[in-house]
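Student: Note that our numbering has the sequence shown beginning at 53, numbered continuously upward. For each residue, glycine too, the CB sits at the ideal point set by N, CA and C. Remember, predicted model here, so these are calculated numbers, not experimental data. I have a structure I would like to understand better, so I am pasting it below and will then ask my questions one at a time.
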Amino acid sequence: MDPLSALSAASAVVAFVDFGAKLLSRTRQLYKTASGETRENANLSIISDDLRILSDNIGAELSGLRELLPAAGTSESMLAGICQECIDAHRELSAATNKLRLTNNADKIGFSFKPEKDVPVNMFSKALMELQFDVDLWRRRLDDLRARMTTALLGVIWKKSSDGAKALQQLSSQQAMMAKTLTQIQATTDTLSQTIIQYSQETLTPRDVKHQSLVQDIWFSAWPPAPDNLIRDHRAETSYNNAIIASLKFQGGTHREESIPKAHEKTFEWIFTKPRTLKDRGPLWSDFTEWLQTPTQQIYWITGKPGAGKSTLMKFVAEHQQTLSALHRWSIPRPLAVAKFYSWNAGTLLQKSQMGLFRTLLWQVLSAMPTIAPRICPRRWALYKIFGSGTVVPEWSWAELLESFTLMLPLIGESFDLSIFIDGLDEFEGTHEKLIDFVDLFRAQPGAKICVSSRPWNVFLDAFHCSPSLKMEDITNQDIELFVNGRFKRTQGFQELEQMLPRDARKLINGIVTKAQGVFLWVSVVVNALCEGLTEGDKLSDLLAELERLPSDLEHLYSSIWAGVKWKYMAHSSQLFQILECAKESLDVVTLSLADDDNALDRDINDLTEEDRDHIKETMKRRLNSRTRGLIEVSRDGQIDYLHRSVRDWTVAIWPDIQAAAADFDPNLAILKALTVEISLREIWHNSLMTFPTVFWQRTCLCLYHASKVKDDSKQISLFVKVMDRLDKDLSDIASSYTIPDGSLPLYRNTGSSNLLLRPGDDLSHWASTQRTQTNKPLNVAFLGLAAQFAIAPYVKHKIFKSPGMIKVRWPEVTIIECAVFGFGHFCRPDLADLADRYKYASLATRVDTKSQGDQERELLEKMQAQTCRKVAFLESVSDADLDELAYWQDMARRLRAEG
Numbered sequence: 053m054d055p056l057s058a059l060s061a062a063s064a065v066v067a068f069v070d071f072g073a074k075l076l077s078r079t080r081q082l083y084k085t086a087s088g089e090t091r092e093n094a095n096l097s098i099i100s101d102d103l104r105i106l107s108d109n110i111g112a113e114l115s116g117l118r119e120l121l122p123a124a125g126t127s128e129s130m131l132a133g134i135c136q137e138c139i140d141a142h143r144e145l146s147a148a149t150n151k152l153r154l155t156n157n158a159d160k161i162g163f164s165f166k167p168e169k170d171v172p173v174n175m176f177s178k179a180l181m182e183l184q185f186d187v188d189l190w191r192r193r194l195d196d197l198r199a200r201m202t203t204a205l206l207g208v209i210w211k212k213s214s215d216g217a218k219a220l221q222q223l224s225s226q227q228a229m230m231a232k233t234l235t236q237i238q239a240t241t242d243t244l245s246q247t248i249i250q251y252s253q254e255t256l257t258p259r260d261v262k263h264q265s266l267v268q269d270i271w272f273s274a275w276p277p278a279p280d281n282l283i284r285d286h287r288a289e290t291s292y293n294n295a296i297i298a299s300l301k302f303q304g305g306t307h308r309e310e311s312i313p314k315a316h317e318k319t320f321e322w323i324f325t326k327p328r329t330l331k332d333r334g335p336l337w338s339d340f341t342e343w344l345q346t347p348t349q350q351i352y353w354i355t356g357k358p359g360a361g362k363s364t365l366m367k368f369v370a371e372h373q374q375t376l377s378a379l380h381r382w383s384i385p386r387p388l389a390v391a392k393f394y395s396w397n398a399g400t401l402l403q404k405s406q407m408g409l410f411r412t413l414l415w416q417v418l419s420a421m422p423t424i425a426p427r428i429c430p431r432r433w434a435l436y437k438i439f440g441s442g443t444v445v446p447e448w449s450w451a452e453l454l455e456s457f458t459l460m461l462p463l464i465g466e467s468f469d470l471s472i473f474i475d476g477l478d479e480f481e482g483t484h485e486k487l488i489d490f491v492d493l494f495r496a497q498p499g500a501k502i503c504v505s506s507r508p509w510n511v512f513l514d515a516f517h518c519s520p521s522l523k524m525e526d527i528t529n530q531d532i533e534l535f536v537n538g539r540f541k542r543t544q545g546f547q548e549l550e551q552m553l554p555r556d557a558r559k560l561i562n563g564i565v566t567k568a569q570g571v572f573l574w575v576s577v578v579v580n581a582l583c584e585g586l587t588e589g590d591k592l593s594d595l596l597a598e599l600e601r602l603p604s605d606l607e608h609l610y611s612s613i614w615a616g617v618k619w620k621y622m623a624h625s626s627q628l629f630q631i632l633e634c635a636k637e638s639l640d641v642v643t644l645s646l647a648d649d650d651n652a653l654d655r656d657i658n659d660l661t662e663e664d665r666d667h668i669k670e671t672m673k674r675r676l677n678s679r680t681r682g683l684i685e686v687s688r689d690g691q692i693d694y695l696h697r698s699v700r701d702w703t704v705a706i707w708p709d710i711q712a713a714a715a716d717f718d719p720n721l722a723i724l725k726a727l728t729v730e731i732s733l734r735e736i737w738h739n740s741l742m743t744f745p746t747v748f749w750q751r752t753c754l755c756l757y758h759a760s761k762v763k764d765d766s767k768q769i770s771l772f773v774k775v776m777d778r779l780d781k782d783l784s785d786i787a788s789s790y791t792i793p794d795g796s797l798p799l800y801r802n803t804g805s806s807n808l809l810l811r812p813g814d815d816l817s818h819w820a821s822t823q824r825t826q827t828n829k830p831l832n833v834a835f836l837g838l839a840a841q842f843a844i845a846p847y848v849k850h851k852i853f854k855s856p857g858m859i860k861v862r863w864p865e866v867t868i869i870e871c872a873v874f875g876f877g878h879f880c881r882p883d884l885a886d887l888a889d890r891y892k893y894a895s896l897a898t899r900v901d902t903k904s905q906g907d908q909e910r911e912l913l914e915k916m917q918a919q920t921c922r923k924v925a926f927l928e929s930v931s932d933a934d935l936d937e938l939a940y941w942q943d944m945a946r947r948l949r950a951e952g
């Protein structure tokens, strides 16, 4: 079903509901007046005819819907059901209007009348009194129809957004019609909202009345003239644009950029000068300034060895005023947008994927050009227009990002010019050929410039060999010398040695520059090590000997540093490396501190002050420096990272040695412990009330992901169970404590299992029941069922073996066995499907063959198989057994046998 048809059907429903609401409004007015007169006269015959026309319109839409044969359970079938309910409602409303007809004149029957003598007034009053109950009932019924119609419409529109790429050719011809229909729906919805507010006047408390009066004074009293009304609309559209921009941001999106060190004073300035030349080679690099300010469709490529300073140079040029000035000269007369992305192989998925690249570039382009948001994000903008900028919308999908980029490309060179800087093409996950294809898209755009950096891998050499370029290690010897001199000049020990032995001091500097071979990172690590020796009073001959001893390549240099860690710190060093490597999301310094703390469960991080956080940051800096010798560091924004991507490459090569230094340590349990403590942080939830369910389940899923990786170790099972029980308790407190402005609990609103609208103090079901599922059966297995979905075998096994009755659930409730068989991907909320894909959750039953955890899952699986077989045998022996229940248990037994 196309979105336009859905909107047409929805318009018919809204028109019917609006008319019904107005009819009830007039009825209530009639009931309230002693004389039986209303302020507006309407003829009941006309009303009946109008109801019939509206009902016929809905009937026509219903016929169209039924021709599509929508599958049961889809948004289309839901919309068809609502249309049928409106037709049924027409018959009942027509009957209700007939009760108010007075026989003064067979053709003149209206709401505004004076009773004739032959019509007893008490009969009319009695009819109204009988209708009073119907008014309240119908108000709720119409409100429910409208709410369900909105949900169904949203489902239809959003489902079709995934087909966006295929529908782009049709989109342009339909946009005008859709916009007109949406405007009509918006106007009708606004009118209906005001009618419903009028109905609720009788039940408002004095405080509510004052609040509503204040709102009406602000919004409706002494409304400014037309020009200011346009400003109001502009502000509303600005809020929609800002909501789209905010939705594109993601955690850690700017972390890599912020962690790249600024260029040392006076280094890299050469890039804005005329290139130096060699007699036998010509220019050392392509003229960067000329490329910036000259119309060209060529890509500028910065390449070099690992650690040569490519990222530092990219950050330097992307932020430099000379770069921006040259780009503005090129883009005149069109406005300029500058976007940049720094890929990070050791970071989160979005920090090293094309999806993260697309989101970051769109975020920066829209931040610079917000007025193009309706043109390049039409679906999302339409949803905000219908439901307001505060509404919760689905996460960005790959299809929607691709559609937005496709719509943005024609605007480049027409509405604005775009310059893009992408650092670290080699650090992206996936196929690099596809990434190069994306970069090549901008070659055909006359209003685009793109500068990229990467290691000199063959795939990039083939793609960019004809492009203007520079090779870092060919140019940076002078920069390295400036850096070494500046670093040593700040060290008192070197100044003293230089005064005594200036020639030997110069020899040390020259030796560093020569041995570096253009690799800035090597220089930084070596100079830091030598400065430590100077601080300790090493002689210059000792420093020269140390320089000679240190390997000239990064991999062997890191091994040398690792070997230099004190023996008493080796196990702790291994633990820190394991925590960083196993962290699925970016690791904050406070999170690492909690993961590294044996008493973390006793901490209340709500009590932490800024001074406490600064103290933790400085403590962790010192700890990492002594345990990892700087290979892991704390960035300026408090994130934990490897010193460089090459450090992570090195850890992969020697990972067995790192793990062996702390073989009994479980990094996932340490991370789970830290996340459990952090989940009670009030700041998280106060800042997430508008997106509470999504944030709640995202954080829950992250915790349960790490729980699913915890080893089955009898020595730590007690701690593991304690952490999991604490997580369940804290999430229960959070789910029942935080309310939105209307006083309801956001996690319990609009769940798939029931129309819950609950408040603190109500009889709440377990928070796990808010998991929207793909089944109509009650999901009452609570936290243990979730643990089974996430294949957390040690915890599930401990609980079931301790209390065997927990495995038994009343039919037709979802059982723990069913959770274990199908896994989280089957039961998860639709808006969390991306999490199931991101973490690749496996069901408990499908993990019995894994080497690391096969025994524990097999033991639990055997217990479930036995329970299932007993259930099947019992039901087969009962003559009047529920056939659906029997079929269910037979299916479970068959699946468990297949997995076992």
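Taking 8 angstroms as the cut-off, does the stretch 309–328 touch the stretch 365–372 (at least 3 CB pairs, one atom from each stretch)?
Tutor: At 8 angstroms Cβ cutoff, the stretches touch.
Student: Quick one: give me the first and last residue of the alpha helix (DSSP H) that A834 is part of.
Tutor: Per DSSP, A834 belongs to the alpha helix (DSSP H) from 834–841.
Student: Tell me where the alpha helix (DSSP H) around W707 begins and ends.
Tutor: Here the alpha helix (DSSP H) through W707 covers 707–712.
Student: Around the Cβ of A726, are there at least 16 other Cβ atoms within 10 angstroms (buried) or fewer (exposed)?
Tutor: Per the 10 Å Cβ criterion, buried.
Student: Beta-carbon within less than 8 angstroms of L695's beta-carbon, same chain only, minus the 5 sequence neighbours each way: which residues are those?
Tutor: The residues are L573, V577, G682, L683, I684, E685.
Student: Relative to the C-alpha of K392, which residue among G442, S467, R308, R751 is closest?
Tutor: Ranking G442, S467, R308, R751 by Cα distance to K392 puts R308 first.
Student: Just curious, the alpha helix (DSSP H) that Q544 is in, first and last residue?
Tutor: Note, Q544: alpha helix (DSSP H), 544–552.
Student: My guess is that R386 and F494 are in contact by the Cβ rule of under 8 angstroms, so how many angstroms apart are they, rounded?
Tutor: That pair is no contact at about 15 angstroms.
Student: Take every Cβ of the stretch 497–510, pair it with every Cβ of the stretch 458–472, and state whether three or more of those distances are shorter than 8 angstroms.
Tutor: As far as the Cβ criterion goes, the stretch 497–510 touches the stretch 458–472, which means the pair count is three or higher.
Student: What is the rounded straight-line gap between the Cα of I527 and the Cα of S698?
Tutor: C-alpha separation (whole angstroms): 21 angstroms.
Student: I'd like to know if W433 contacts chain B, where contact means its C-beta is closer than 8 angstroms to some C-beta of that chain.
Tutor: Looking for chain B here will not work: only one protein chain is present.
Student: D764 and A834: beta carbons closer than 8 angstroms?
Tutor: No, these two residues do not count as a Cβ contact at 8 angstroms.
Student: Can you look up S405 in the DSSP assignment and give me helix, strand or coil?
Tutor: Residue state, collapsed to three classes: coil.
Student: Confirm, please, whether the CB-CB distance from F340 to F320 is below 8 angstroms.
Tutor: Not in contact: F320 and F340 (Cβ atoms no closer than 8 angstroms).
Student: Do you know whose CA, among F490, K523, D492, lies nearest S506's CA?
Tutor: The candidate whose alpha carbon is nearest that of S506 is K523.
Student: Decide if E92 is buried, meaning its Cβ has at least 16 other Cβ atoms within 10 Å, or exposed.
Tutor: Any reading at E92 must be qualified, since the residue scores a pLDDT of 38, below 50, and its modelled position is unreliable; no value is offered.
Student: So, at 7 angstroms on beta carbons, what are the nonlocal neighbours of D556 in its own chain, with the 5 sequence-adjacent residues on each side left out?
Tutor: The answer, listed in chain order, is L592.
Student: Take E144 as the anchor and find which of F926, R193, F410, A925 has the nearest alpha-carbon.
Tutor: The shortest C-alpha separation from E144 is found at R193.
Student: Do the stretch 733–747 and the stretch 670–682 meet, that is, are 3 or more Cβ pairs less than 8 angstroms apart?
Tutor: No: fewer than three Cβ pairs fall under 8 angstroms.
Student: Inspect the beta-carbon positions of F639 and L646 and report whether they are closer than 8 angstroms.
Tutor: The question names Phe, but residue 639 in the sequence shown is Leu. It is not a contact, given that the beta carbons lie outside the stated cut-off.
Student: How would you write the range of the alpha helix (DSSP H) that V571 sits in, first residue to last?
Tutor: Unbroken run through V571: none, as it is neither H nor E.
Student: CB-CB under 7 angstroms to W509, same chain, minus the five flanking residues each way: which ones, in chain order?
Tutor: Counting only Cβ-Cβ distances below 7 angstroms, and skipping sequence neighbours, we find D478.
Student: Helix, strand or coil: which one does DSSP assign to D943?
Tutor: Correct three-state label for D943: helix.
Student: N580: buried (16+ other C-beta within 10 angstroms of its C-beta) or exposed?
Tutor: Burial call: exposed.
Student: Look up P798 in the DSSP assignment and say whether it is helix, strand or coil.
Tutor: Helix.
Student: CA-CA distance, L935 and E928?
Tutor: Rounded to the nearest angstrom, the two C-alpha atoms are 9 angstroms apart.
Student: Quick one: Cα of E525 to Cα of G356, how far?
Tutor: Cα to Cα, E525 sits roughly 6 angstroms from G356.
Student: Use the C-beta contact count for S625: other C-beta atoms within 10 angstroms, 16 or more gives buried, fewer gives exposed.
Tutor: Its Cβ being crowded by 16 or more others within 10 Å, S625 is buried.
Student: Identify whether C921 lies in helix, strand or coil by the three-state DSSP scheme.
Tutor: Helix.
Student: From R946 to G875, what does the alpha carbon distance come to, in whole angstroms?
Tutor: Cα to Cα, R946 sits roughly 16 angstroms from G875.
Student: Beta carbon of S363, beta carbon of G476: below 8 angstroms?
Tutor: Yes, these two residues count as a Cβ contact at 8 angstroms.
Student: Just checking, does the stretch 326–335 make contact with the stretch 438–450 on the three C-beta pairs under 8 angstroms criterion?
Tutor: The stretch 326–335 vs the stretch 438–450: no contact.
Student: Beta-carbon separation of T728 and L779 under 8 angstroms?
Tutor: In contact: T728 and L779 (Cβ atoms closer than 8 angstroms).
Student: Our contact map puts S788 next to L816 with C-beta atoms below 8 angstroms; I'd like the distance itself, whole angstroms only.
Tutor: Yes, S788 and L816 are in contact; Cβ-Cβ is about 6 angstroms, under 8 angstroms.
Student: For A894, which three-state DSSP category applies?
Tutor: Residue confidence is low: A894 scores 48 on pLDDT, short of 50, so the model does not pin down where it sits. No coordinate-derived value is stated.
Student: Could you give the residue range of the alpha helix (DSSP H) that holds W19?
Tutor: The structure shown does not extend to residue 19, since the chain is modelled only from 53 to 952, so the question has no answer here.
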